[in-house]
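Asker: Below you will find the structure I want to go over with you.
Below you can see the structure in the form of structure tokens.
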């Protein structure tokens, strides 16, 4: 539906009772503000209407922000935040970094805290350190190959094979 005063899309739909009969107005955000500023001078009841329209404008802004956030995609696994919200599952460990802000708010809403307080299994730290070290070595290997430092690349390759061959977490 279009605004009654211009060709923009009408985002505000106002119904007023005039002489006991409902009168509908359809405005874009700009013309809704004009209309509300004119009518707020006329009566105090419009103030509450303006507040509710301001809340509606804030809600519309939040919906637009959510749409932008939903388009955010993890560069590693390719999952979008919308897919995460739909399925409830992340695609890879890097998603926690990619969607850090949104997940942080979600975790805080659920648990009341953003950071973990409690016990962590000993095996978790060892496995995490090993995985982090492997990622670092692989990146260094790629860099060594890129600059054609084959001696260093051979050493890094051997270190990666040794760690991967070790089945301990």
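Residue numbers (the working numbering): 1183 to 1351.
Where is the CB? At the ideal position from N, CA and C, for every residue including glycine.
Measuring CA to CA, which of 1250, 1215, 1216, 1195 is closest to residue 1208?
Answerer: Answer by Cα proximity: 1195.
Asker: Contact between the segment 1285-1298 and the segment 1311-1324 is defined here as three or more beta-carbon pairs at a separation below 8 Å; is this criterion met?
Answerer: As far as the Cβ criterion goes, the segment 1285-1298 does not touch the segment 1311-1324, which means the pair count is below three.
Asker: Should residue 1213 and residue 1187 be called a contact, given that it needs their Cβ atoms to be closer than 8 Å?
Answerer: Yes; because the gap between Cβ atoms is below 8 Å, this pair is in contact.
Asker: Which whole-angstrom value describes the C-beta separation of residue 1264 and residue 1252, a residue pair presumed to lie in contact below a C-beta threshold of 8 Å?
Answerer: That belief holds up - the Cβ atoms of residue 1264 and residue 1252 are roughly 4 Å apart, short of 8 Å.
Asker: In chain order, what residues of the same chain have a beta carbon less than 8 Å from the beta carbon of residue 1269, not counting five sequence neighbours either side?
Answerer: Within the same chain, residue 1269 has no close Cβ partners at all.
Asker: Considering only the beta carbon of each residue, do residue 1274 and residue 1258 sit closer than 8 Å?
Answerer: Going by C-beta atoms, residue 1274 is nearer than 8 Å to residue 1258.
Asker: Confirm, please, whether the CB-CB distance from residue 1211 to residue 1200 is below 8 Å.
Answerer: No; because the gap between Cβ atoms is not below 8 Å, this pair is not in contact.
Asker: Give the straight-line distance between the Cα atoms of residue 1351 and residue 1282, rounded to the nearest whole angstrom.
Answerer: Because the pLDDT at residue 1351 is just 47, under 50, the model does not fix this residue reliably, and the value given afterwards should be weighed accordingly. Residue 1351 and residue 1282: Cα-Cα distance of roughly 26 Å.
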